[in-house]
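The letter at position 145 of the sequence shown is residue 208 when you use the numbering used here, and the numbering goes up by one with no holes. Even glycine gets a Cβ: it sits at the ideal position worked out from N, Cα and C. In this text, all values refer to a predicted model and were calculated from it rather than measured experimentally. Notes follow the structure.
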Amino acid sequence: MPQNIQFTRTLLDHLRSVEKVAVLTGAGISAESGVPTFRGENGLWKKYRPEELANFDAFMSNPSLVWEWYNYRRDLISGIQPNPGHYALAELEPMYRSFTLITQNVDGLHRLAGSKHILELHGNIMINRCISCGTVASDVQGPQDTDLPHCECGELLRPDVVWFGESLPERELRLAFDAAESCDVFFSIGTSGIVQPAASFPLVAKQNGAYVVEINVEETVLSSHMDETVFAPSGEVMPQLVRRLNEVRD
Ligand code: OAD
């Protein structure tokens, strides 16, 4: 039975009157869909070391191992559905003149839930890209058995995600900073706030006068910087927030 979430009048008033909202999501928003988070009790990085799997050198020295890991995660994600947290964000979007959804997730669940203006900062796990010519491959299959997927140019294909030590996509990064700087309300949802530069967006928003709100099941390194924190699962918090907002708007 979902708990009854209390929101402050300040937050509801802000959300009723403002025009620009930005949201940062992390693995926690997909947790209730069954996608494991990276850190924490059952986190993926407890079982696997990021430096062994999520970087370019690891890929070049053992592409089969890295592909195995990404195929394992693709399998985990395929067939998984968005949860009420994703759907509530999609519902929130048309209520504002400007709404930017910045996500660190590579699972594509925001798009599946109907969100439109999404910035995928860390790429998308279902897309492949050539390590040499950069061609994006529509074939989303990883290697079958021992065959590694190759581009038409002959070089290896890799998952189109950002690995440790790599730069984030330039356009997405710029638009995310713009949204953080110019928004009136900023939500940080289901992220540990450890990985940069995403973790700096809530602080950029706050420095520029936004009302910043965190939704997480536990305290994070960002919590003390927030104007408001709601410690409960996002799949419960976000639908209740949208419902309350609709009541306030009526
Ligand atoms: P983390 O695994 O670091 O953090 C997930 C956060 O979600 C934690 O703070 C949890 O407390 C919270 N959480 C768990 N369940 C929740 C729920 N139902 N509702 C709300 N919050 C919940 O994931 P990220 O912060 O996304 O990067 O990690 C950032 C990046 O680190 C990832 O994009 C990935 C990883 O290395 C790359 O691979 C480049």
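Going by alpha carbons, who is nearest to residue i out of the options?
i, options, result
"L81", "R221, P157 and E218", "The residue you asked about is not Leu; residue 81 is Val in the sequence shown. Comparing Cα-Cα distances from V81 to each of R221, P157 and E218, the minimum goes to P157."
"L175", "I140, Y135 and W108", "I140"
"L236", "C196, F264, P222 and S297", "F264"
"S297", "R72, G171, F250 and G106", "F250"
"C193", "G256, S286 and G217", "G217"
"R112", "L128, A239 and V98", "L128"
"E229", "L184, D210, L238 and S161", "L184"
"V169", "E281, P99, Q69 and G256", "P99"
"V280", "E95, F70, T71 and K83", "E95"
"R160", "L75, E277 and A242", "A242"
Kindly identify the DSSP beta-bridge partner or partners of residue i.
i, result
"I165", "L87 and L182"
"P65", "P65 pairs with nothing; no bridge assigned."
"H213", "L219"
"R192", "V199 and R221"
"F294", "N279"
Along the chain, where does the alpha helix (DSSP H) that runs through residue i open and close?
i, result
"R79", "R72 to S80"
"L107", "L107 to K110"
"V129", "P126 to I140"
"L316", "No answer is possible for residue 316: the residues shown for the chain start at 64 and end at 313."
"A117", "Unbroken run through A117: none, as it is neither H nor E."
"A153", "P147 to L155"
"L231", "It is not in any alpha helix (DSSP H) - L231 carries neither H nor E in the DSSP assignment."
"R35", "This structure gives no information on residue 35, because the portion of the chain shown stretches from 64 to 313."
Tell me which same chain residues have a C-beta within less than 6 Å of the C-beta of residue i, skipping the five on either side of it?
i, result
"G89", "Q167, G253 and T254"
"E198", "Residue identity check: residue 198 is Thr in the sequence provided, not Glu. The answer, listed in chain order, is C214."
"A153", "A176, G177 and S178"
"A151", "M301, P302 and V305"
"Y135", "none"
"N271", "E244"
"L182", "I165, E235, L238 and A239"
Take residue i and list the residues in its own chain whose beta-carbon comes closer than 7 Å to its own, dropping the five residues that flank it on each side.
i, result
"L78", "V248 and L308"
"R306", "none"
"H149", "I92, L172, H173 and A176"
"T73", "none"
"P222", "Y133, I188 and N191"
"F122", "V129 and R221"
"N118", "W226, F227 and G228"
In its own chain, which residues sit with a C-beta less than 8 Å from the C-beta of residue i, not counting the 5 before and 5 after it?
i, result
"H288", "P265, L266, K269 and V275"
"Q66", "A295 and E299"
Uninterrupted alpha helix (DSSP H) stretches inside the segment 235–290 (no shorter than 4 residues): Counting whole runs of 4 or more residues, the segment 235–290 contains the alpha helix (DSSP H) stretches 264–270.
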